[in-house]
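Residue numbers (this note's numbering): 21 to 306.
The beta carbon of each residue, even a glycine, is placed where N, CA and C say it ideally should be.
Single-structure report; data block below.
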Amino acid sequence: MAAELEAVLHDGSTIPVTVHGRGPALLLPVRLQPHPSAEAEIISKWGGDPDLGPALVNGLSPTNRVITADYEGHRMAYPAPDTLTPDNLAADLLAIADAFGYYGYSWLALAGLQLSLRTDRLRALAMGGFPPVDGPYRSMLAVTRAAHAASTQAPDPASVPAAEAEPGDWDSAAVQTTEAQTRQFVTLYEALRDFNNSTTAAPAALPRLAFAGGNDQIDYSPQWGGVQVRIGAPLAEHRDELVAAGWEVHVLPGLNHLSAMHSAVVLPILAGWLGRIEWVGQAATG
């Protein structure tokens, strides 16, 4: 049976925390609550996995104490527009769990890297969908600034709801985020624009995993900053130096940002790596 707790974050807001299974602790910032059917349909249409959180918990809880908290969902409900800095982001994750391994995807992978620089309580770091070296910090700053600007303007009458837009057509999709929601990510990426994300950034003794789709790249139009966000290419380009520095690296052919985060892709990679670094317990039997 799952245990339910609460953690108080840097801004005083409280986030629900759920714990499943036994074994070495693994923190996953994922959503467990089912998406409404219409929302799940949109996620699937755009290439996402609406059942990601429960699938990861079911796959990992036999050998790990899986600690979950929907940090992204919490920050969309309770934005921290002026205070979502790398220090506070790391502090929030440390408020949720004690000594633990961590897996995050996309900007939540970035969160794990920042966490590794600020604590000795992290036991293993798995990053998906964000390269530990040559990360797109400046590109994402441009995108988040554009998103913030759009959130402060009246809706474009030519835009359509995400449910009606063609998957990937960000120019046509209506902006559905608030000024506070978008500004918190501007705050984060402004703090990271000059981050020196070299192979020596994470502690050398920390077990580290990085993976991304080989086709993980988004070319944004001028409406969204006119930049290219490269995820898969930097991981492939720096694979040898990352491996030499102690990382396990997987570049997944043919997958993009959304398809590489599906539970069917993530679970074999993550579970296999956790076993190799011996951050697992004895699976329950009977």
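Rounded to the nearest whole angstrom, the CA to CA distance from residue 245 to residue 135 is 28 Å. By a beta-carbon distance limit of 8 Å, residue 90 contacts residue 50. Their separation comes to about 7 Å. Residue 59 and residue 290 have their C-alpha atoms roughly 27 Å apart.
For residue 40, same chain residues with a beta-carbon under 6 Å away, outside a window of 5 residues either side, are 22, 77, 81 and 86 in chain order.
Residue 51 sits in coil when the DSSP states are folded into three classes, being neither helix nor strand.
When C-alpha distances from residue 231 are compared across 153, 71, 93 and 201, the shortest belongs to 153. Note on geometry: alpha-carbon atoms of residue 223 and residue 133 lie some 10 Å from one another.
Taking the CA atoms as reference points, residue 293 sits about 16 Å from residue 125. In this chain, residue 67 is not harboured by any beta strand (DSSP E), its DSSP state being neither H nor E.
According to DSSP, residue 267 shares a beta bridge with 228.
As computed with DSSP, residue 209 is found in no beta bridge at all. When rounded, the separation of the alpha-carbon atoms in residue 42 and residue 115 is 20 Å. In the pairwise beta carbon analysis, the segment 164-178 is classified as touching the segment 194-205: at least three pairs are separated by under 8 Å. The criterion of a C-beta distance shorter than 8 Å is not satisfied by residue 241 and residue 67.
Counting only the Cα atoms, residue 225 lies some 44 Å from residue 57.
With respect to residue 110, residue 138 sits close: the two C-beta atoms are nearer than 8 Å.
Distance from the CA atom of residue 157 to the CA atom of residue 88, rounded to whole angstroms, is 26 Å. Residue 218 sits exposed, since fewer than 16 C-beta atoms from the chains shown fall within 10 Å of its C-beta. Residue 233 is a Cβ neighbour of residue 277, given a cutoff of 8 Å. Residue 297 and residue 122 have their C-alpha atoms spaced approximately 13 Å apart. With contacts defined by Cβ atoms closer than 8 Å, residue 213 and residue 275 do not form a contacting pair. Per DSSP, reduced to three states, the secondary structure at residue 143 is strand.
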